[in-house]
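Here is the structure we will look at.
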Amino acid sequence: QKEVEQNSGPLSVPEGAIASLNCTYSDRVSQSFFWYRQYSGKSPELIMSIYSNGDKEDGRFTAQLNKASQYVSLLIRDSQPSDSATYLCAVGEDSSYKLIFGSGTRLLVRP
Amino acid sequence: EAQVTQNPRYLITVTGKKLTVTCSQNMNHEYMSWYRQDPGLGLRQIYYSMNVEVTDKGDVPEGYKVSRKEKRNFPLILESPSPNQTSLYFCASAPSGRGHEQFFGPGTRLTVL
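Note that the protein sequences, when read in sequence, are chains L and V.
Residues in the first sequence are numbered from 1 upward in steps of one, following the numbering used here.
Residues in the second sequence are numbered from 112 upward in steps of one, following the numbering used here.
Here's what the structure looks like:
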């Protein structure tokens, strides 16, 4: 059974700090990795995708991938209270477009 | 506005009473999928469809049926709901070639008594 593991949190950071969210996955051959954000009572929305080892930056968000360690992370710089949400790590299966989700990390940004 | 819609948004029903949750997308996406979300278990895929008339089981298909007769619609059918199907359900769609970049509907909260 392929698994994606995340610390459930909550991860509490002060406004303006860097929030670091982490995820590990079990299937060594996985090639596609995603971060979805889910506000309380809302549906998930895609915020980042990463396919190659290293860093990928998009605005205040940076996704990091280390396939050798089977580790994916999301950094949020200059965290804002509006970033308070649950962040879902997902690993993609290429043949079926299936997403295997972690249970999410709740982030709380304190004003 | 590009969106995925689901109806109903909230439903309370009783064991054994057949129900259908509708899902519709207006983005001409080939890929559609149903998930359920339960506390501590995350999002789990129920069924997915790569295109019209092509459906396949996800991780938790027991007790559910789907059909894909039109590209825009992907209804989820519970023939005989049971209390363990009480959950939050999400429909999602994605364009061809980018199936992992899924757009989610607003969710349907189902309670089976």
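Beta carbons: idealized from backbone N, C-alpha and C, even for Gly.
At least 8 angstroms separates the CB of residue 127 of chain V from every CB of chain L. Bridge pairing for residue 13 of chain L: L:109 [DSSP]. Put simply, the backbone Cα of residue 11 of chain L is about 7 angstroms away from that of residue 105 of chain L. Assigned with DSSP and collapsed to three states, residue 58 of chain L falls in strand.
Apart from the 5 residues on each side of it in sequence, residue 111 of chain L sits with its Cβ closer than 6 angstroms to the Cβ of 15 and 81 in its chain, given in chain order. Under DSSP, the beta-bridge partners assigned to residue 72 of chain L are L:23 and L:65. CA-CA distance, residue 76 of chain L to residue 125 of chain V, rounds to 44 angstroms. Rounded to whole angstroms, the Cβ separation of residue 61 of chain L and residue 49 of chain L is 11 angstroms, and the two are not in contact under 8 angstroms.
Within the same chain, Cβ atoms closer than 7 angstroms to the Cβ of residue 74 of chain L are found at 21, 35, 48, 61, 63 and 87, the five residues on either side in sequence being excluded.
Shown here for residue 7 of chain L: same chain residues with a beta carbon closer than 8 angstroms to its own, the five before and five after excluded, namely 22 and 105 in chain order. In the DSSP assignment, the residues bridged to residue 101 of chain L are L:90.
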